[in-house]
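Just so it is clear: in the sequence shown, position 13 is 14 by my numbering, and no numbers are missing. The C-beta atom is built at its ideal place from N, Cα and C for all residues, glycine as well. Below is one structure, written out as structure tokens; comments come after it.
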Amino acid sequence: MTRMSPRDATMWWLSGRTNNDIFALYAFAETESSTAQLREFVEERAALVGDLTIRVRPTRFDYPRWVPMSPGPNQFIAHEPGLSWLACRAAIEDLMGGESLDATRSPWELHVFRDVAEVPGSSAPTLLAVLRLSHALADGTRATKIARALFSRTDEVIHRPVVGTVDNLRKPQVGVVDNSSTFVDSCGQLCGDLVANIVGLLRFPAQIVRTFSRAREAERAKRRLLAATARGEVPPPAQTFPASVVNPSNLPVAQQIRFVTFSLREFKATGLPVTVLALTAISKALGDHFPDVTTLSAAVPMSTKGNARNSYRTLTVDLHLAEPDLTARAELIARELYERRRRAANVTFAQIDRVSEAVPALFARRDVANADLEAVPAELDGNVVVSSGNRGAADLRFLDAPVLFTGGFPALGTVMRLTHGVHGIGETIALSVRSDVGVVSDVDGYLEQLTRAVEDVVAAHT
């Protein structure tokens, strides 16, 4: 058993209060292979991927553990074939609006839709695979690595060992998880849980001491950061932004998703980084859709180094809606993004993070349980979410079906009710939207505005 990192444990505890699962969509050209063959392919490939051969085992007095499991047929969920894209989309939206995955049984599942008609970005019936992951298992970057390992034609290795030392090139020597197992197995699990709880209690005093010690170190680090900022060595912190029409206080109504695809060649012709172009287009679409709003910001996740499966920081990027010239706006956003990344990369933040890594699990779990997830603060670090990721070369295959494009839909929350995904694979970029009906009632209209905004930004730079 491997103890879960505090940050990953927080993601798992949060999943009991809100659906924060990751949904990664991969579109493939339809194949003549049978669904049974696809299922067999997934089972065989998943057994080679360390991250797909573990599940969560909770403990009472310590952080949860990752324990081995063997992938089986239950992780492969085949939906009715021949659906229209509208029906397929509705099924995905229902999954997003339901409960989180039970990671104690399995932290992942693959939803397969065959012969889907009229999929945006595809001219023929399409095979869609939606990889659903518990957020405790992976962040966006790690989810991409998992998908590449699952659909790669070679044995790509996922870094960061999972349970013990796992070699993704070989099939792990673990047995099938059976919760109704023999007396000996049950006793083994009981003893393992007992030992984990005893260890958690024994660690408690040292964790308290370590928490206070690291808190003092963090305070000294903060003072050094303030001094470095005052000297101009580190960019100043981002400003906060007032809650807006996209952050209402009413309860969510229903989730909806959309996406549109573009050629990477179009984006490259502008000379802008993909993320900057997307942020600029999103800022214009937001201004067009909400004409009375003059100030908005985006929360942009940035991958960082770390031992946790969730290793990222969220950057606050002003979308500069008040700047009418798209070329100038793109320059402002690019500079803002660069400054936010430079500040976030400062070693001080890693030292500050060390405090939460020492907090006893009992306190961390209590904080998650007592957190007010419904209140909308007056000031926010971001009004909308924009998550961007490069998912690599277009060399993935679902058995013999080549990949066409990929998309992602960052989770909604009580505060964040409009999110965007910007994901590329090969020469195709997918720009995705996930929103609450109560915030964007005409999501198709918003998608059209977003599409035109991309075209306008491209035209302004070519």
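- Exposed is the label assigned to Thr241, since fewer than 16 other Cβ atoms lie within 10 Å of its Cβ.
- Burial check for Arg18: the Cβ neighbour count within 10 Å stays below 16, so the residue is exposed.
- Between Lys306 and Ser312, the C-beta spacing is below 8 Å.
- Taking the Cβ atoms as the reference, Ser245 lies roughly 6 Å from Val294, within the contact range of under 8 Å.
- With contacts defined as CB atoms closer than 8 Å, Asn75 and Ala412 fail to qualify as a contacting pair.
- Tyr313: member of the beta strand (DSSP E) spanning 313 to 319, first to last residue.
- Cβ contact annotation for Ala454 (same chain, cutoff 6 Å, sequence separation greater than five): Ala282, Lys285, Ala286, in chain order.
- When C-alpha distances from His290 are compared across Ile78, Ser35, Val440, the shortest belongs to Val440.
- For the options Val356, Asp354, Ala346, Val277, the alpha carbon positioned closest to that of Asp319 is the one of Val277.
- Per DSSP, Thr349 is one residue of the alpha helix (DSSP H) stretching across 348 to 359.
- Remark: fewer than three beta-carbon pairs, one from each stretch, lie closer than 8 Å, so the stretch 368 to 386 and the stretch 341 to 350 are not flagged as touching.
- The stretch 85 to 94 makes no contact with the stretch 29 to 37: fewer than 3 CB pairs, one atom from each, lie closer than 8 Å.
- Take the alpha-carbon of Gly288 and the one of Asp326: they are about 13 Å apart.
- The stretch 215 to 229 makes contact with the stretch 347 to 359; the number of CB pairs closer than 8 Å reaches 3 or more.
- Here Tyr339 is exposed, its C-beta having fewer than 16 other C-beta atoms within 10 Å.
- Inter-residue distance for Arg310 and Glu332 is about 33 Å (C-alpha atoms, whole angstroms).
- Around the beta carbon of Thr262, 16 or more other beta carbons sit within 10 angstroms, so the residue counts as buried.
- In this structure, Leu448 is the residue among Asn308, Leu448, Val404 with its C-alpha nearest to the C-alpha of Ala279.
- Val50 is positioned such that its CB atom lies no closer than 8 Å to that of Ala104.
- Between Glu267 and Val444, the gap from beta carbon to beta carbon reaches 8 Å or more.
- Between His462 and Leu273, the C-beta gap is smaller than 8 Å, which places the two residues in contact.
- Between Leu26 and Gly408, the CB-CB gap stays under 8 Å.
- The alpha helix (DSSP H) runs of length 4 or more contained entirely in the stretch 250 to 335 are, from start to end of the chain, 265 to 270, 275 to 290.
- Annotated three-state conformation of Pro237 is coil, per DSSP.
- The three-state reading of DSSP puts Leu138 in coil, since its state is none of H, G, I, E or B.
- If you compare the alpha carbons of Phe152, Gln38, Ile334 with that of Glu324, the shortest gap goes to Ile334.
- In the DSSP assignment, Phe42 falls within the unbroken alpha helix (DSSP H) covering 36 to 47.
- His321 has its alpha-carbon roughly 44 Å from the corresponding atom of Phe77.
- Annotated as proximal: Phe406 and Ala431, with beta-carbon spacing under 8 Å.
- Around the beta carbon of Asn248, a 10 Å sphere encloses 16 or more other beta carbons of the protein chains shown; the residue is thus reported as buried.
- At a Cβ-Cβ threshold of 8 Å, Ile209 and Phe410 do not count as neighbours.
- Straight-line spacing of the CA atoms in Phe42 and Asp63 works out to 37 Å.
- In the three-state scheme derived from DSSP, where H, G and I count as helix and E and B as strand, Glu380 is classed as strand.
- Rounded to whole angstroms, the gap between the alpha carbons of Leu102 and Trp67 is 15 Å.
- For Tyr339, the secondary structure class from DSSP, reduced to helix, strand or coil, is helix.
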